[in-house]
Amino acid sequence: MENPVIIFGASALGQAAVEIFESNDIMVYGFLDDDESKHGTELGELSVLGRTEDDGFLKLIGKKCEAFIAIDDRELRRGLVKLIKERRKMMPVNAIHSNTEIAPSAHVGHGEFINSGVIIGANAKIGDHCLIHSNALIDYSAQIGDLVQVGAGSVIGAECRIGENVFIGSGVTIVPGVEVADNARIGAGSIVIGNVAADKTVFGNPAKEV
Numbered sequence: 003m004e005n006p007v008i009i010f011g012a013s014a015l016g017q018a019a020v021e022i023f024e025s026n027d028i029m030v031y032g033f034l035d036d037d038e039s040k041h042g043t044e045l046g047e048l049s050v051l052g053r054t055e056d057d058g059f060l061k062l063i064g065k066k067c068e069a070f071i072a073i074d075d076r077e078l079r080r081g082l083v084k085l086i087k088e089r090r091k092m093m094p095v096n097a098i099h100s101n102t103e104i105a106p107s108a109h110v111g112h113g114e115f116i117n118s119g120v121i122i123g124a125n126a127k128i129g130d131h132c133l134i135h136s137n138a139l140i141d142y143s144a145q146i147g148d149l150v151q152v153g154a155g156s157v158i159g160a161e162c163r164i165g166e167n168v169f170i171g172s173g174v175t176i177v178p179g180v181e182v183a184d185n186a187r188i189g190a191g192s193i194v195i196g197n198v199a200a201d202k203t204v205f206g207n208p209a210k211e212v
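Residue numbers for the sequence shown follow the numbering used here, beginning at 3 and rising by one.
Here it is, written out as structure tokens:
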């Protein structure tokens, strides 16, 4: 990636994304955020330049800059993806830490946040715009849908199927072959040994619906 990156979202997640880009020697141009109280301030050494819909900065995307979305609210994230695709005909770039292991046969989509220590196994498939936090393991042939969040230290077992918009808390273990349907939520530290239906929240060891 030759162009600098504009990060959408001036938050702790945005600051983590800066460190990921810096680990790959990629320059960050600055932040855009809809919280006007942040405009003109600095996060680390980078400025919060304006709103996410500011045409003066949006027009740079695809010409002089790339875009990355550092917002963990899934609906806001989805809306910003749509904005960038419709206004700039571009997909957000990936923020993948240099200290990750991704198997050559794995497929990684667009707009991913993949932090330090993540391991993605052979033939695994990661959808678009996912957040995969530090030291998570996505084992071989697992499949993860779009807009999934995987907490730090979680283990997604071999050949698992994770739907879209799923939230997986920190320290979760999903045993091999389990299916987790769209919009499900799994509480931190849970051990998931059976399938999870759409829109359900589970927690515990073994995980049960709450």
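Yeah, the Cβ is synthetic: ideal placement off N, Cα and C, and Gly gets one too.
Secondary structure, beta strand (DSSP E): runs of 3+ residues fully inside the segment 21-79
30-34, 48-52 and 68-71
Indicate, with yes or no, if the ligand NAD has a heavy atom lying under 6 Å from the CB of I193.
As far as ligands go, the structure on display features none, and thus does not contain the ligand NAD.
Between which two residues does the beta strand (DSSP E) containing V177 stretch?
As a first step, residue 177 is located in the sequence shown; it is residue number 175 there, counting from the start. Unbroken run through V177: none, as it is neither H nor E.
Measure the C-alpha to C-alpha separation of G16 and A72 and round it to an integer number of angstroms.
The residue you call residue 16 lines up with position 14 of the sequence shown. The residue you call residue 72 lines up with position 70 of the sequence shown. Approximately 5 Å between the Cα atoms of the pair.
When we look at the beta-carbon of G123 and count the other beta-carbons within 10 Å, is it buried (16 or more) or exposed?
As a position in the sequence shown, residue 123 is number 121, starting the count at 1. The residue is buried, with at least 16 neighbouring Cβ atoms inside 10 Å.
Selected residue, minimal CA-CA separation from P94, among I104, I63 and G119:
By one-based count along the sequence shown, residue 94 stands at place 92. Of the candidates I104, I63 and G119, the one whose C-alpha sits nearest the C-alpha of P94 is I63.
Collapsed DSSP secondary structure at A97 in the structure displayed:
Reading the sequence shown from its first residue, position 95 is the one you call residue 97. Reduced to three states, the DSSP call for A97 is strand.
What residues are listed by DSSP as bridge partners for R89?
Indexing the sequence shown from 1 puts residue 89 at position 87. Bridge partners of R89: none, in fact.
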